[in-house]
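Heads up: the structure comes next, in structure tokens.
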Amino acid sequence: MKMTNRDSDAFVFFGATGDLAYKQIFPALQAMIRRGNFDMPVIGVARSAKGLDQLRARARESVERHGGLDPRAFAVLSTKLQYVNGDYSSQQTFRDLRRALSEASRPVFYLAIPPNMFATVVQGLAGADCDKGARVVVEKPFGRDLASAQELNRILHQSFTESAIFRIDHYLGKEPVQNLLYFRFANSFLEPIWNSNYVQSVQVTMAETLGVEGRGVFYEEVGAIRDVVQNHMLEVVALLTMEAPTGRDPDAFRDEKQRAFRAMRPLTPADVVRGQFRGYRNEKGVAADSQVETFAAVKLHIDTWRWAGVPFYIRAGKRMPVTATEVLVELKRPPHAVFDTIAQSQANYLRFRLSPNVSIALGARAKMPGEAMVGEHVELLVRPGSDDEMLPYERLLGDAIRGDSLLFVREDGVEAAWGVVDPILEDVTPVHEYEPNTWGPAETRQIMSGDDSWHNPQPIAEKTLATKE
Ligand code: BG6
1116 MKMTNRDSDA
1126 FVFFGATGDL
1136 AYKQIFPALQ
1146 AMIRRGNFDM
1156 PVIGVARSAK
1166 GLDQLRARAR
1176 ESVERHGGLD
1186 PRAFAVLSTK
1196 LQYVNGDYSS
1206 QQTFRDLRRA
1216 LSEASRPVFY
1226 LAIPPNMFAT
1236 VVQGLAGADC
1246 DKGARVVVEK
1256 PFGRDLASAQ
1266 ELNRILHQSF
1276 TESAIFRIDH
1286 YLGKEPVQNL
1296 LYFRFANSFL
1306 EPIWNSNYVQ
1316 SVQVTMAETL
1326 GVEGRGVFYE
1336 EVGAIRDVVQ
1346 NHMLEVVALL
1356 TMEAPTGRDP
1366 DAFRDEKQRA
1376 FRAMRPLTPA
1386 DVVRGQFRGY
1396 RNEKGVAADS
1406 QVETFAAVKL
1416 HIDTWRWAGV
1426 PFYIRAGKRM
1436 PVTATEVLVE
1446 LKRPPHAVFD
1456 TIAQSQANYL
1466 RFRLSPNVSI
1476 ALGARAKMPG
1486 EAMVGEHVEL
1496 LVRPGSDDEM
1506 LPYERLLGDA
1516 IRGDSLLFVR
1526 EDGVEAAWGV
1536 VDPILEDVTP
1546 VHEYEPNTWG
1556 PAETRQIMSG
1566 DDSWHNPQPI
1576 AEKTLATKE
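All the letters of the sequence shown, read from the start, carry residue numbers 1116 to 1584 under my numbering.
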């Protein structure tokens, strides 16, 4: 891709020796260079590397472990890499950074650091005159609740305009998540049924087999609701429920998304079940009496003409039986049994597998061969995908460098999403223990209405039919 003079001309990332840089940023930079989409200095800022050689060694190890070393692209990355060592609370660090930026006049600063350091870094950048013409990329979770998100927005706006702020939610960088929106608005067959007349319920499940994997200290501060429900899950629901944007500019899209967020009724304790897997309290950095949830199930209501009365069930958890994120849009069963009786659990559905493998499936009934007019369940399945798909961080960092804000979360969006979960933060409901390798505590059934039941995503074997509990 050709660079233009709107593009950033230096890439600076704070937290250069951290987990995010190791798992996502170095591999994304190598991938952008491999594709010929990236040509600018790369400046890592941290305080724990001994020097540039050590940072280069970490970058090499990072790409080796995450996607593989591309010797040519990595050699380029290695020569572009610079290191600024220092404490974020020392103004000297930012003076050193200003010097390292040299002629660059449109840098992008990626704050791959804990949110409690954002204010210090933003003020440091402004103090050393680094913020002029710059963009800033910030990670999720964006704050801890509505009030802290508003405060973070206020701090960022002291130095950056909204168009220069890029709030990352890496789910928006995933191809299958973008496809939700494309599929909805590029097909005319969906629109007539995409409402409370035909949709019985919608479920979004984000299941991970892994636990907290050494991130106990981070996770104790966050929990599943802040870690993935407030952001990834609500973004997916917004894409499923929003109206078609009028216009192609990023704000036309984000305006509609914002209306979707605002239609989400704030959750109440009766709409949530929190769980914690047995063994979590033995993790390093976790309190022996921790009340932090590693699993959450919620029932969300969307107060619009289109969605009134349709429950949106969201479930996210660690140490589940499979790793998969899946959307199930369950349709109402036929109004009259012409042949065999069809239970609600046998009704039509659309299933979107968002991760790790991608698929779109339509669940239907078809006649079983034989004399009787009796049906069976079939799935019409497509599995789009390509071997050369961009990973979310490559896509999003490339967009931020070009100033394209479409796939980033706007100020009002992040605040509206916090508004939805704000009433259920802070241990307002008990945390139930569940066995690892299960679908969470039995109490999750309590938030289901009527005939609804949880749909458990299946492991990779796509031919297997979706199962209901
Ligand atoms: C991150 C969360 O945002 O998303 C992690 O902090 C979670 O806890 C991860 O494991 C999952 O992302 P993905 O892309 O693997 O589904």
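Positions of the beta carbon are idealized from the N, C-alpha and C atoms, including for glycine.
Along the region 1227–1302, the alpha helix (DSSP H) occurs as fully enclosed runs of 4 or more residues at 1233–1242, 1261–1274 and 1290–1301, listed in sequence order. By the neighbour-count definition (other C-beta atoms within 10 Å, threshold 16), E1218 is an exposed residue.
By the C-beta criterion, the region 1273–1290 is judged not to be in contact with the region 1324–1341, since fewer than 3 inter-stretch pairs fall below 8 Å. In this structure the region 1290–1309 lies against the region 1354–1364, because at least three pairs of beta carbons, one per stretch, are closer than 8 Å. The residue from F1128, G1182, V1160 and A1190 with its alpha-carbon nearest to that of I1148 is A1190. Remark: the shortest separation between the CB of D1342 and any heavy atom of the ligand BG6 falls under 7 Å. In this structure, the alpha-carbon of G1182 lies about 22 Å from that of M1155. Take E1504, set aside five residues on each side of it, and the residues of its chain with a beta-carbon closer than 8 Å to its own are E1290, in chain order. Residue pairing by DSSP places S1217 opposite no residue, since no beta bridge is assigned to it. If you check the CB distance, L1469 and E1494 do not come in under 8 Å.
For L1325 and N1552, the gap between their C-alpha atoms comes out near 10 Å.
In this structure the region 1213–1232 lies against the region 1187–1203, because at least three pairs of beta carbons, one per stretch, are closer than 8 Å. According to DSSP, A1431 shares a beta bridge with M1321 and A1411.
Counting along the chain, the unbroken beta strand (DSSP E) around L1443 starts and ends at A1439 to L1446.
The beta-carbon separation of A1143 and L1506, rounded to 7 Å, stays under the 8 Å limit for a contact. Counted as a single uninterrupted DSSP element, the beta strand (DSSP E) harbouring Q1197 occupies residues L1196 to N1200. Taken through DSSP and simplified to helix, strand or coil, L1354 comes out as helix. A Cβ-Cβ distance of about 30 Å is found for the pair S1474 and V1453, leaving them out of contact under the 8 Å criterion.
For the region 1132–1178, the continuous alpha helix (DSSP H) assignments of 4+ residues that do not extend past its boundaries occur at 1141–1149, in sequence order.
In the structure shown, R1466 falls within a strand segment according to DSSP collapsed to helix, strand and coil. Under DSSP, F1224 shares a beta bridge with V1127 and V1251. Taking each of Q1461, I1228, W1569 and I1575 in turn and checking the Cα distance to Q1318, the smallest one comes out for W1569.
T1320 has its Cβ no nearer than 7 Å to any heavy atom of the ligand BG6. The beta carbons of V1344 and V1444 sit no closer together than 8 Å. Of the other Cβ atoms in all chains shown, 16 or more fall within 10 Å of the Cβ of S1177; this residue is therefore buried. When the Cα atoms are used, P1572 and P1381 turn out to be separated by approximately 27 Å. Residue pairing by DSSP puts I1475 in a beta bridge opposite F1467 and V1497. With a cut-off of 8 Å on Cβ pairs, the region 1166–1176 is not in contact with the region 1202–1210, counting fewer than three such pairs.
Of the heavy atoms belonging to the ligand BG6, none sits nearer than 7 Å to the Cβ of H1451.
Taking the Cβ atoms as the reference, A1227 lies roughly 5 Å from F1128, within the contact range of under 8 Å.
The residues V1388 and H1547, in chain order, have a CB closer than 7 Å to that of E1558 in the same chain once the five nearest residues on each side in sequence are set aside. At least one heavy atom of the ligand BG6 lies closer than 7 Å to the C-beta of S1470. Each residue's CA atom was taken as its position, placing G1485 and A1462 some 22 Å apart. When secondary structure is reduced to three states using DSSP, Y1313 falls in the coil class, being assigned neither helix nor strand.
A distance below 6 Å between beta-carbons, with the five flanking residues on each side excluded, links I1340 to the following residues of its chain, in chain order: A1411 and V1536.
Each of N1312, A1234, T1409 and L1512 was checked against the Cα of F1257, and the nearest Cα belongs to A1234.
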